[in-house]
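A.B. asks: Sequence lines, in order, name chains U and P.
Take the first sequence: its letters are residues 132 to 242, numbered as in the numbering used here.
Take the second sequence: its letters are residues 9 to 120, numbered as in the numbering used here.
Where a beta carbon is used, it is the ideal one built from N, C-alpha and C, also for glycine.
Small disclaimer: the values here were computed from a predicted structure and weren't measured.
Got a structure for you, written out below as structure tokens; questions coming shortly.
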Amino acid sequence: AQTIHQWPVAEIKAVGSPLSLGCTIKGKSSPNLYWYWQATGGTLQQLFYSITVGQVESVVQLNLSASRPKDDQFILSTEKLLLSHSGFYLCAWSHSHERLFFGHGTKLSVL
Amino acid sequence: GDSVTQKQGQVTLSEDDFLFINCTYSTTTYPTLFWYVQYPGQGPQLLLKVTTANNKGISRGFEATYDKGTTSFHLQKASVQESDSAVYFCALVEGSNYQLIWGSGTKLIIKP
């Protein structure tokens, strides 16, 4: 069975500090990977997607970057956090870009 | 561009009430349509998927019908339970695009 693990579960960071969020998928080779951002109680905004190792496509510009260093790993990062980065970050995988399987998310609070 | 509209931000019901959550979409072709459900503290999970080949999806007592004429994909359930409290998202994908188009979500609150 496939599993998706996101880390950390929650982060409290200062404005201007760096950030790195991670996501690992086990039990599925060559998945499509996605990063989403969700404001509290809000809709889902796709940030990035990747269909293969080393290739990441950006969907929106939010002063964030993503990388896929391994087939089963997806990293979201920034060198300088903004207040507007607060929210819920979700990693997801799919086999055929249709049905998405989401992780439990990381809650980020920027103060 | 493609869009999905959920006009109800929140729906409050009592147990055993009938549920109806509105969703309409706008695309140039016939997309695949989804309902996802997000429970507190979790990521969304697929509830229903409907393609142009099968007009109705049914899962866990929920059903949604793909209506090309009115471009709607409303979610219904005959009798809700407290455990159905969650946020429900309507979404579509068209062709080989790697981007799901999401509605704004409808929060369902069930009064015990």
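Would you be able to state if there are at least three C-beta pairs under 8 angstroms between the stretch 138-156 of chain U and the stretch 203-223 of chain U?
C.D. replies: Touching, yes.
A.B. asks: By Cβ distance below 8 angstroms, which residues in the same chain neighbour P:T40 in space, the five residues on each side in sequence not counted?
C.D. replies: Indexing the second sequence from 1 puts residue 40 of chain P at position 32. Hits under 8 angstroms: K57, V58, T59, T60, L100, V101, E102.
A.B. asks: Does any residue of chain C bring its CB to less than 7 angstroms from the CB of U:L242?
C.D. replies: The structure shown has no chain C; the protein chains it does contain are U and P.
A.B. asks: Of all the residues that make up the stretch 19-50 of chain P, which are near chain U by a beta-carbon distance shorter than 9 angstroms?
C.D. replies: Hits within the stretch, in order: T40, F42, Y44, Q46, G49, Q50.
A.B. asks: Check whether chain U comes within 7 angstroms of P:Q107, counting only Cβ atoms and requiring the distance to be less than that.
C.D. replies: For the purposes of this step, residue 107 of chain P is taken as the residue at position 99 of the second sequence. Interface residue, yes.
A.B. asks: Would you list, in sequence order, the uninterrupted beta strand (DSSP E) runs of no fewer than 3 residues that lie entirely inside the stretch 132-176 of chain U?
C.D. replies: Fully enclosed beta strand (DSSP E) runs of 3 or longer: 134-138, 141-144, 150-157, 163-169.
A.B. asks: Applying the 10 Å Cβ sphere with the 16-neighbour rule, what's the burial state of U:D203?
C.D. replies: On the first sequence, position 72 is the one that residue 203 of chain U refers to. Buried is the call here.
A.B. asks: Hey, how far is the Cα of U:A170 from the Cα of P:G77?
C.D. replies: Translated into the one-based positions of the first sequence, residue 170 of chain U becomes position 39. Translated into the one-based positions of the second sequence, residue 77 of chain P becomes position 69. Computed Cα separation, rounded: 33 angstroms.
A.B. asks: Just curious, the beta strand (DSSP E) that U:E188 is in, first and last residue?
C.D. replies: Taking the first sequence and counting its residues from 1, the one referred to as residue 188 of chain U is at position 57. Here the beta strand (DSSP E) through U:E188 covers 186-189.
A.B. asks: Checking contacts by CB at 7 angstroms: is P:G65 closer than that to chain U?
C.D. replies: For the purposes of this step, residue 65 of chain P is taken as the residue at position 57 of the second sequence. For P:G65, the answer is no, since every Cβ of chain U falls outside 7 angstroms of its Cβ.
A.B. asks: Which residue from U:Q133, U:H136, U:K144 puts its Cα closest to that of U:L214?
C.D. replies: Working through the first sequence from its first residue, we reach residue 214 of chain U at position 83. Minimum Cα distance to U:L214 is reached at U:K144.
A.B. asks: Interface residues of chain U around P:S112 at Cβ under 7 angstroms?
C.D. replies: By one-based count along the second sequence, residue 112 of chain P stands at place 104. The answer, in chain order, is T174.
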